[in-house]
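4 is the number of the first residue of the sequence shown in our numbering; add one for each residue after it. Just so you know, even glycine gets a beta-carbon here, dropped at the ideal spot from N, CA and C. Keep in mind the model is a prediction, meaning the values are calculated, not measured. Step one of this worksheet: look at the structure below.
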Amino acid sequence: MGYNDVYAAWKADPEGFWMEAAQAIDWDKPPSKALFEKGNDLYEWFSDGMCNTCWNAVDRHVAGGRGAQAAIIHDSPITGRKEEITFAELQDRVARLAGVLRAKGIEKGDRVVIYMPMVPQAVEAMLACGRIGAIHSVVFGGFAANELAVRINDAQPKAIIAGSCGLEPGRVVKYKPLLDGAIEIARHKPEFCLIFQREEERAELVPGRDFDWAEEVATAEPAECLPVEGNHPSYILYTSGTTGQPKGVIRHTGGQLVALNWTMKNIYNVDPGDVFWAASDVGWVVGHSYIAYAPLIHGNTSIVFEGKPVGTPDAGTFWRVIEEHKVRSFFTAPTAFRAVKREDPKGEFLKKYDLSALNAIYLAGERADPDTIIWTQEMTGKPVYDHWWQTETGWTIAGNPVGIEALPVKLGSPTVAMPGYDVQILGDDGHPLPPGELGAIAVKLPLPPGTLPNLWNAEDRFRKSYLSHFPGYYETGDAGMIDEDGYLYIMARTDDVINVAGHRLSTGGMEEVLASHPDVAECAVIGVADPLKGQAPVGFLCLSKGVNRPHEEIVAEVIKLVRERIGPVAAFKTAVVVDRLPKTRSGKILRATMVSIADGGEWKVPATIDDPAILDEIRDALQGVGYAK
């Protein structure tokens, strides 16, 4: 069956489709049906089944004779350390850690906040929670104390598991003072903290509250897997909200197991035993779905990488990891390749490595501009597949289902909707738009298994954020179009569709044009307030290494390019060259913050920002062209 057949089979019988997919999971009690309607546009999957995440990710592979296979490869170019952990070793480590938690009173349904660097113990902590039915909430390691406190107040954890420090190129980030500060200002107080001590920075433990991970695990009684209901929350993951109050996305256990397992072969085209690498962090959704869970559930080896695409030690680190560990499928953000391209535009580092084990590269997290895709394809000789999904969905909304059928790539499109997603383009009035028209991207309810059924303790906010604008649909918050062949194009966040003198224009479309300039390594376009046209576009350009031409020449050329390819209607007249763009730690460009600075409004430094000093540079650049007054 090709993609069209599989998608049609899902559409004709969603119940049968997902019940069949559920057979690939070990159930203590199989579900009686797939979909459970809760009323008022709320849905759950496999609710009355009984299962366990950790059993499916670890124990069943040991029971099935794969105990000697590597489950996790830890590769840390920052420390120079590497470690392989087999499924059998992982089972022992996780069972003992779960035993520590259980002995200290953690029970099914209790929340545990995890605040860890990119070490195997971060994944072990997640799996240990799942083993005994605790609900974990991972907070990106190094998050500021006040932001961590907000999440502690919302999740109300009984325990916090933390590393003593994280490592960035050239510096140690001490986690424990941040954790202590967060607990001090939080209204809710955890009963205990478990601290994983790293040799680069040993933390001071608070007597009676803090316990040493290694000491506790050494004497722990291993815990068995506790079966939980299919609709039991596996985790809460906080995503930024427009109000400044983060939204706690919930993932249910049964749906997550079924959906993530299905994706590994059908989308990423790997078989059990293959090495899969998602170059992300466990603090983000990609780290949850495709470092900690999907590869292990499917019987793959998952790489936990502590490093950066450049600077640890150079722009060849990705290629070194792929060669050394024989990675079959590689998943990262477009921004990572833009960084590599900027440092090594001719691919000199790439020539040192053998990528013959690699089948394909997958991109998600930011729009993948055609120029970055073409460069990566040409340099690696591998297919590059853009795909699109969200923290809320947990897995691919639109992608190229290579394990079913490798569809032709159209640059600028993440390809087609996956089974489970009925994606439509809606006008402001909620009616579907014809092919080729720009509108709001929405998904007809119900969403498939593995997606968010609700927000943690915030059903009203869930409805307001996702369901109320277009009744019967999940609103993605992205804008785009679908072409005659059913290919989806994500043009911008809905907020990034700008109105220039009555014309609705996509900043993403303009960014594609800027990125096509040979001297531009990375770029962003924002819409700023304009007294005449309502909004006007402003471009930001980061140049490739070694470009020594006058900036005015390059700016004039990109303005001319936009005029030629989009037309005078874009009114694109302003661009500035900057050294870097403000980004979250997951690589998303903070366009909304840039707009606030440009318009002279009030703004605060986002909690997720990688380096706050960049915002001052952006303000100075905007002032140089008459904005940010």
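Using a 10 angstroms sphere on the CB of His328, the tally of other CB atoms reaches 16 or more, which defines it as buried. As DSSP reads the structure, Ser305 sits in a beta bridge with Ile75 and Phe279.
For Asn55, same chain residues with a beta-carbon under 6 Å away, outside a window of 5 residues either side, are Cys228 and Pro230 in chain order.
Residue state for Met484 is assigned as strand, using DSSP reduced to three classes. In the DSSP assignment, Ile376 falls within the alpha helix (DSSP H) that extends over Pro373 to Thr383. The Cβ atoms of Lys385 and Leu358 sit closer than 8 Å to each other. Comparing C-alpha distances from Ser599 to each of Leu618, Val581, Lys591 and Asp613 shows the shortest one belongs to Leu618.
Closest by C-alpha distance to Ala106, out of Val142, Ala223 and Ile294, is Ala223. For Met22, the enclosing alpha helix (DSSP H) begins and ends at Pro17 to Ala25.
By the Cβ criterion, the stretch 519 to 533 is not in contact with the stretch 474 to 490, since fewer than three pairs of Cβ atoms, one from each stretch, lie closer than 8 Å.
Between Ala158 and Gly184 a beta carbon distance of about 17 Å is seen, past the 8 Å cut, so the two are scored as non-contacting. Taking 4 residues as the minimum length, the alpha helix (DSSP H) runs contained wholly in the stretch 321 to 365 are 337 to 346, in order along the chain. The DSSP-derived three-state label of Glu227 is coil. The alpha-carbon separation between Pro609 and Pro80 amounts to approximately 28 Å. Phe195 carries a strand assignment under DSSP once its states are collapsed to helix, strand and coil. The three-state secondary structure of Met494, taken from DSSP, is strand. Considered as a whole, the stretch 400 to 479 harbours 462 to 465 as its complete alpha helix (DSSP H) runs of no fewer than 4 residues, in chain order.
Look at Asp29 here: in three-state DSSP terms it is coil, with no helix or strand label. If you compare the alpha carbons of Val558, Glu408, Glu567 and Lys447 with that of Asp44, the shortest gap goes to Lys447. In the three-state DSSP reduction, Ser547 falls in the coil class, being neither helix nor strand. For Asn234 and Gly19, the gap between their C-alpha atoms comes out near 19 Å. For Glu204, there is no enclosing alpha helix (DSSP H), as DSSP marks it with neither H nor E.
Between the C-alpha atoms of Gly511 and Pro337 there is a straight-line separation of about 14 Å.
For Phe90, there is no enclosing beta strand (DSSP E); the enclosing alpha helix (DSSP H) covers residues Phe90 to Ala106. By the Cβ neighbour-count rule, Lys36 is exposed, with fewer than 16 other Cβ atoms within 10 Å of its own. When rounded, the separation of the alpha-carbon atoms in Ala165 and Cys196 is 7 Å.
Remark: three or more beta-carbon pairs, one from each stretch, lie closer than 8 Å, so the stretch 536 to 543 and the stretch 578 to 596 are flagged as touching.
Excluding five sequence positions before and after Gly302, the CB atoms of its chain that fall closer than 7 Å to its own CB belong to His64, Arg69, Pro275 and Gly276, given in chain order.
The residues Cys168 and Glu204, in chain order, have a CB closer than 6 Å to that of Lys177 in the same chain once the five nearest residues on each side in sequence are set aside. Contact between Pro123 and His77 holds, since their C-beta atoms are separated by about 5 Å, short of 8 Å.
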